[in-house]
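Q: Chains as they are written, first to last, in this note's numbering: chain B, 2 to 554; chain G, 2 to 554.
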């Protein structure tokens with residue numbers, strides 16, 4: 002039998018974030034990553050978005066392992082929701098699995114989950130799959146690429162990575178190993194597409210050191226640097242520079258405290274315990290002796306930085322002479338929130354530095370020339386770009402062609418589009434799976450295209466009008482007048498103006514609708530809804546959700 | 002008497018957009034610009050945002066004129082709303098006033114409004130003010146700066162501008178005139194702050210020509226360029242390049258058609274009538290003979306470009322070989338929409354070019370060194386930065402200090418903070434006016450902090466639950482069971498599960514509340530609301546708006 006491998010992307014192909022992929026051989030499978038996406042105004046009221054696990058429920062595969070490439074939320078954030086349904090052993094590097102454990106504890110899943118920690122170059126087996134972990138450089142400690150030996154051939158998955166000749170933490174992407182694997186013969190390469198649009202090679206993480214140092218030296222007051230709490234290589238550089246510049250370090254923000262403690266405990270960060278100071282000490286030292294490392298670089302409203310900006314932090318009070326460095330990129334969609342915080346930082350008298358004006362941030366993802374290098378090192382027979390929006394995947398397929406992958410061998414897949422790989426062919430499976438994302442909404446799960454969410458968008462546009470109607474059960478006649486309650490429709494004054502007229506319209510409608518002796522309350526409600534809707538469009542040019550509430554006695 | 006001038010910023014100071022300023026001398030006043038802001042997800046359901054005119058209503062000033070610096074929406078979009086309240090003569094350049102007339106026609110205000118067209122260097126008088134119009138270069142035709150002679154001294158307002166040695170339309174900012182005015186002695190300068198953060202000098206509009214030409218030459222299929230419809234200098238270059246490259250031009254999008262027709266009629270654009278083709282002709286010509294100029298560069302969902310991207314345009318169907326150039330910057334907040342459209346353009350097979358990878362857009366606003374040049378040319382005694390968020394205003398004040406304006410003479414004002422200027426002093430007036438922005442919501446006006454809008458945000462978070470309660474008017478007892486209707490709260494299945502339990506809770510609450518013989522329905526409703534709220538937080542972790550509807554017979 003000609004064996005085949007099935008690649009099933011459940012997230013991250015056609016979008017940035019929420020990465021998840023299933024690798025199958027017969028009934029055996031492994032899962033690579035299981036990330037979340039954050040909700041925006043299009044899915045109002047929703048806390049988080051996770052991949053759709055329905056495919057896994059239906060297929061009843063024998064899932065031997067979840068393999069985590071690294072600890073970012075878009076790679077492991079949805080795993081507790083999956084583990085809640087079924088226990089699967091999880092493999093990942095030290096830092097990754099320790100971050101996962103925080104989550105598992107929160108979800109009460111720590112005891113029931115087998116979490117296994119691997120190191121660079123480790124190999125584990127999971128069913129018919131043999132997985133080798135390869136050292137990768139990325140904007141978090143301990144990222145891994147994967148070399149997966151399958152019955153069909155060798156599959157290589159880069160995870161998220163960059164190629165950095167001078168990583169701050171010394172963790173270089175193990176290109177040599179990729180070259181060896183390339184010589185061994187790679188059947189299929191799956192590679193990170195995030196920065197494929199950006200020409201050239203990515204800047205080294207250590208290149209931000211001078212920029213940050215210059216600003217730290219030039220700052221007369223507090224030096225505040227905000228970055229992602231998981232970006233330990235960045236934090237490491239700030240801590241080293243603080244020591245050189247004789248500033249003590251104050252850590253602000255819950256996840257920043259958590260991650261710095263974790264990184265120190267595991268040896269990813271090294272500094273004398275005495276370096277750290279608390280908020281009180283920070284306020285007592287001369288201001289030029291203090292560096293603050295903080296969360297909030299994306300303008301998150303409840304972050305430590307936002308509290309400082311809005312004068313809501315009880316202890317850390319900014320003033321003229323302080324500098325705030327936003328050491329991260331502005332994630333699309335967050336710009337307005339970030340500018341809001343920046344303006345408030347200026348109101349406090351602080352000077353703010355961003356990526357635009359200063360060299361204080363570099364990307365953690367490989368640029369076009371780095372991706373080319375990965376393709377040339379691995380010389381894969383087949384190629385599927387991962388981790389990117391549609392346009393990134395298009396560009397990465399083109400790049401693979403340039404690097405010698407045959408036209409029909411580089412395939413653009415999107416979420417829910419499986420592909421079959423044999424020793425000599427890669428083919429898209431025609432059928433497309435339902436991968437409608439799932440919203441975590443309070444304590445409930447909702448498909449993000451659910452009517453509940455559509456109705457929220459409608460409500461946010463024009464509000465709601467409830468109409469109370471009380472009928473005499475015997476005579477079928479309306480008792481008294483309709484009562485009204487509205488929220489989010491128009492102001493009370495205007496409501497007061499239009500209600501008498503609306504009442505008249507509704508009374509007429511009810512009069513007409515109840516003339517038929519076999520009328521139902523459902524019919525009457527629908528007639529009232531239509532009347533009210535037409536009236537409100539005319540009077541207010543608004544289409545609220547209308548809830549007629551007929552009761553009878 | 003020591004005369005004084007009052008500067009009252011009603012919009013655009015502390016924000017980008019919605020520019021409006023009042024200049025007063027005693028009871029006499031003029032208004033400079035009257036712009037709109039576009040609503041985002043924070044003000045759901047709202048069409049437009051305009052400045053608060055309450056100050057004008059209260060003060061009963063003798064307003065002699067509205068002076069428009071140029072035709073962008075954030076400078077004239079709110080004017081019809083003001084003119085609807087009171088007629089004021091309007092002055093502006095040819096292109097500006099013609100754009101205004103489109104609006105006035107729409108609002109039925111064309112006949113009742115005195116619109117006067119001025120040319121470069123024209124002077125008009127309005128009460129005690131003498132206003133001279135100065136030629137400015139900007140990303141729209143016919144922008145003007147203002148030299149306003151007042152009883153206190155000479156006030157100069159730059160409007161929006163850039164300094165461009167090679168403007169595509171030949172319209173250079175008249176720096177010479179600013180230098181002359183500087184020599185004459187400028188009491189107060191008000192200058193555009195939009196790009197004060199950007200170091201260096203702004204790029205010339207003509208510098209995009211080569212970038213666009215290269216792409217046009219390299220494109221085998223249709224060449225589609227999308228920009229703001231008011232950016233006539235940009236459109237002019239595309240049309241010239243299309244002629245040189247032997248491509249006929251097809252115009253897509255209502256405002257683009259309107260503005261190109263207007264610009265041609267007024268002489269701002271020159272091309273043979275035969276150059277233009279309609280959609281049908283575009284589809285019939287060889288594809289390399291066609292250039293399409295389109296709206297939609299900000300990812301607007303109903304634009305011509307969005308329709309092409311989503312295969313919703315009936316005639317213009319994109320295919321492999323076509324290029325789409327987004328010849329504009331990504332306005333913060335629009336990134337996700339733009340990426341959405343870009344991905345769909347790639348799905349159609351088109352190649353997309355943006356500002357990031359190619360030289361196909363430059364800003365219409367002066368950079369730091371240009372702003373310095375303006376300050377050095379005008380040598381003002383006093384300085385107030387305009388058109389910028391808080392951080393821009395801070396930076397511009399600092400720049401003014403560097404250019405020789407005394408510390409106490411450069412003043413940072415925000416919307417609603419008036420300043421008094423005499424011959425030798427500028428002082429902020431302590432009192433701050435209410436400048437809460439006004440939302441145009443359907444046919445109604447709402448302050449943007451109104452409860453109506455807050456309730457919409459609440460509704461969008463957790464939806465609504467209406468509870469029908471019918472009481473016997475005689476006995477005061479509840480008749481039958483409560484009835485429920487909800488939207489946007491949770492799915493029907495879950496609702497069905499929790500309703501019996503919620504019903505029991507509510508019946509208990511009513512039972513308790515109605516034991517007191519003097520209960521009011523309002524009290525019962527409030528008790529029911531509290532009970533339901535507590536229940537839903539526990540069961541769903543959601544806080545919907547709850548509308549108890551008690552009726553009685």
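Backbone N, C-alpha and C define an ideal beta-carbon position, used for all residues, glycine too.
Ends of the beta strand (DSSP E) at residue 130 of chain B?
A: 130 to 137
Q: To which residues does DSSP link residue 191 of chain G through a beta bridge?
A: G:158, G:385
Q: Taking the alpha-carbon of residue 264 of chain B as reference, which of B:279, B:416, B:236, B:504 has the nearest alpha-carbon?
A: B:236
Q: Just to confirm before moving on: does the CB-CB distance between residue 113 of chain G and residue 81 of chain G stay below 8 Å?
A: no
Q: Is the CB of residue 552 of chain G under 8 Å away from at least one CB in chain B?
A: yes
Q: Does the beta carbon of residue 214 of chain G sit closer than 8 Å to a beta carbon anywhere in chain B?
A: no
Q: Taking Cβ to Cβ, would you say residue 369 of chain B is nearer than 8 Å to residue 188 of chain B?
A: no
Q: Would you report the Cα separation of residue 135 of chain B and residue 418 of chain B, rounded to the nearest angstrom?
A: Across the structure, residue 135 of chain B and residue 418 of chain B are spaced so that their CA atoms are roughly 27 Å apart.
Q: Taking 8 Å as the CB-CB cut-off, is residue 37 of chain G touching chain B?
A: no
Q: Apart from the five residues on each side of it in sequence, which residues of its chain come closer than 6 Å, Cβ to Cβ, to residue 167 of chain B?
A: 205, 207
Q: Measuring only the C-alpha atoms, how far is residue 430 of chain B from residue 241 of chain B?
A: 52 Å
Q: From the DSSP secondary-structure annotation, give me the bridge partner or partners of residue 491 of chain B.
A: Residue 491 of chain B is not bridged to any residue.
Q: Would you please verify whether the beta carbon of residue 484 of chain B is less than 8 Å from any beta carbon of chain G?
A: yes
Q: Jot down the residue ranges of each uninterrupted alpha helix (DSSP H) in the region 62 to 129 of chain G, minimum 4 residues, whole runs only, in chain order.
A: 74 to 77, 80 to 86, 95 to 107
Q: Do residue 395 of chain B and residue 347 of chain G have their beta-carbon atoms positioned less than 8 Å apart in this structure?
A: yes
Q: Any beta carbon from chain B within less than 8 Å of residue 476 of chain G's own beta carbon?
A: no
Q: Please report the residue range of the beta strand (DSSP E) in which residue 455 of chain B lies.
A: No beta strand (DSSP E) contains residue 455 of chain B, which is instead part of the alpha helix (DSSP H) from 452 to 463.
Q: What's the gap between the Cα of residue 491 of chain G and the Cα of residue 232 of chain B?
A: So the two alpha carbons sit approximately 37 Å from each other.
Q: Kindly indicate which three-state DSSP category residue 423 of chain G falls into: helix, strand or coil?
A: DSSP places residue 423 of chain G outside both helix and strand once states are collapsed to three, so it counts as coil.
Q: Given that residue 179 of chain G touches chain B, what residues does it touch there, using C-beta distances under 9 Å?
A: By Cβ distance, chain B contributes nothing, its closest Cβ being about 28 Å from residue 179 of chain G, past 9 Å.
Q: Tell me which residues of the region 458 to 473 of chain B have at least one Cβ-Cβ distance to chain G shorter than 9 Å, keeping chain order.
A: 458, 459, 460, 461, 462, 463, 464, 465, 467, 468, 469, 470, 471, 472, 473
Q: Terminal residues of the continuous beta strand (DSSP E) containing residue 249 of chain G?
A: 249 to 253
Q: I'd like the span of the alpha helix (DSSP H) that includes residue 49 of chain B, first residue to last.
A: DSSP places residue 49 of chain B outside any alpha helix (DSSP H); the residue lies instead in the beta strand (DSSP E), whose first and last residues are 49 to 51.
Q: Chain G beta carbons: is any one of them nearer than 8 Å to that of residue 42 of chain B?
A: yes
Q: What are the residues of the region 387 to 404 of chain B that lie near chain D, defined by any Cβ-Cβ distance shorter than 8 Å?
A: Included in the structure are the protein chains B and G, with no chain D among them.
Q: With H, G and I counted as helix, E and B as strand and the rest as coil, what does DSSP make of residue 340 of chain G?
A: helix
Q: Under the three-state reduction of DSSP, which class applies to residue 17 of chain G: helix, strand or coil?
A: coil
Q: If distances are taken between C-alpha atoms only, which option among G:443, G:257, G:528 comes closest to residue 470 of chain G?
A: G:528
Q: Write down the C-beta distance between residue 485 of chain B and residue 553 of chain B rounded to the nearest angstrom, noting that I regard them as a contact closer than 8 Å.
A: Not quite, the Cβ-Cβ distance comes to about 19 Å (not below 8 Å), so this is no contact.
Q: Look at the Cβ atom of residue 90 of chain B, then the Cβ atom of residue 61 of chain B, and state whether they are nearer than 8 Å.
A: Cβ distance not < 8 Å, so residue 90 of chain B and residue 61 of chain B don't count as in contact.
Q: Along the alpha helix (DSSP H) that carries residue 178 of chain G, what are the first and last residues, could you check?
A: 176 to 185
Q: When DSSP labels each residue in this structure, what does residue 513 of chain B get in the three-state scheme?
A: Here DSSP, grouped into helix, strand and coil, assigns residue 513 of chain B to helix.
Q: Within the chosen definition, does the region 69 to 83 of chain B reach the region 91 to 101 of chain B through at least 3 CB pairs nearer than 8 Å?
A: yes
Q: In three-state terms, what does DSSP make of residue 486 of chain G?
A: It is a strand residue.
Q: Taking 8 Å as the cut-off, does the region 502 to 514 of chain B touch the region 403 to 423 of chain G (at least 3 CB pairs, one atom from each stretch)?
A: no
Q: Taking Cβ-Cβ distances shorter than 7 Å, what residues in chain B pair up with residue 45 of chain G?
A: Near residue 45 of chain G (Cβ distances below 7 Å), the residues of chain B are 461, 462.
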